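Participant: After the structure tokens below, expect a handful of questions from me.
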């Protein structure tokens, strides 16, 4: 069994939005990451990954992103407690809102 997690890479004004995970998080607590969260069970559903990342971004940082998401990559990792997680990252285009945290300029090579 796998947990499915999605993350959104949001780029605005030459900066990427990076959040600090709650120290209470079981995995990677207190570390920096992209915005995202776990996919919830919905029964038969299409575009569940895309809807989840859009919803999580809005819930966590009060931003709206455009629905035209671009798949970037996926990884598999095992948490400290032994859970297998499939993590999928999407490139998201900012639409509106002001994130409570700051964007950070990251030099791309």
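Numbering (our numbering), first residue to last: 11 to 119. Every residue gets a Cβ at the ideal spot worked out from N, C-alpha and C, and that includes glycine. For clarity, every value in this text was computed on a predicted model and none was experimentally measured.
Closest to residue 17 by C-alpha separation, out of 108, 35, 60, would be which residue?
Facilitator: Answer by Cα proximity: 60.
Participant: Report, in whole angstroms, the separation of the C-beta atoms of residue 58 and residue 102, which I expect to be a contact under 8 Å.
Facilitator: Incorrect: roughly 16 Å between the Cβ atoms, too far for contact.
Participant: Report all residues from its chain with a CB closer than 8 Å to the CB of residue 42; omit the five preceding and five following residues, and keep chain order.
Facilitator: Cβ within range, chain order: 28, 29, 30, 31.
Participant: Can you give me the Cβ contacts of residue 113 inside the same chain, cut-off strictly under 7 Å, excluding the 5 residues immediately before and after it?
Facilitator: Summary for residue 113: the model assigns pLDDT 49, below 50, so the residue's position carries little reliability; its value from the coordinates is reported in the next sentence. Only 22, 23, 25, 26, 27 meet the Cβ criterion.
Participant: Just how far apart, CA to CA, sit residue 119 and residue 84?
Facilitator: Legend: pLDDT at residue 119 = 46, less than 50; position of this residue unreliable, no value from coordinates given.
Participant: Would a C-beta distance cut-off of 7 Å place residue 75 and residue 105 closer than the cut-off?
Facilitator: Yes.
Participant: Using only the alpha-carbon positions, how far apart do residue 70 and residue 13 sit?
Facilitator: Taking the straight line from one Cα to the other gives about 19 Å.
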